[in-house]
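Q: Here the working numbering is used: the sequence shown runs in plain steps of one and ends on residue 134. Ideal Cβ positions, reconstructed from N, Cα and C, are used throughout, including at glycine. Structure below; questions to follow.
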Amino acid sequence: MSNDGVRVLRILGRDYSVKAPAGEERALQEAAALLQAELAAAKQKFPYVTSNELLLLSALNLCARQLAPRAEDNDEEDSRTVERLAALNRRIRVHLQAQD
């Protein structure tokens, strides 16, 4: 059996063998490093929680950061929609006033 693409990741003192698709080994290593950093930060904030709780807290924090830009994008889209509606409202008022 070939070990191509298999990386051993150490997370919370436990080794995991993970096979990455060709060309994505670096992304896997970076994801593992990001998770390790998040786990370390959670461990400092909550030193008495279990490993499973640390993983859960870290996963939730990472997901929340992933969702935050989407919320900002939606806010920008909402602002553009409001601006377009206001401009349309002005044009309708001008048109209606011109008919009077």
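#1: Hey, would you say residue 41 sits closer than 8 Å to residue 56, going by beta carbons?
#2: Could you tell me the distance, in whole angstroms, from the CA atom of residue 71 to the CA atom of residue 39?
#3: Which value, in whole angstroms, describes the spacing of the CA atoms of residue 104 and residue 98?
#4: Does the distance from the C-beta atom of residue 6 to that of residue 43 stay below 8 Å?
#5: Sort out for me which residues DSSP pairs residue 51 with in a bridge.
A: The relevant details are as follows:
#1: One-based indexing of the sequence shown puts residue 41 at position 7. One-based indexing of the sequence shown puts residue 56 at position 22. Going by C-beta atoms, residue 41 is not nearer than 8 Å to residue 56.
#2: For the purposes of this step, residue 71 is taken as the residue at position 37 of the sequence shown. For the purposes of this step, residue 39 is taken as the residue at position 5 of the sequence shown. Cα to Cα, the separation comes out at about 23 Å.
#3: Here residue 104 refers to the residue found at position 70 when the sequence shown is read from its first residue. Here residue 98 refers to the residue found at position 64 when the sequence shown is read from its first residue. Distance between the alpha carbons of residue 104 and residue 98 is about 10 Å.
#4: Any answer about residue 6 is impossible in this case: the structure gives the chain only from 35 up to 134.
#5: In the sequence shown, residue 51 corresponds to position 17, counting from 1. Its beta-bridge partners are 42.
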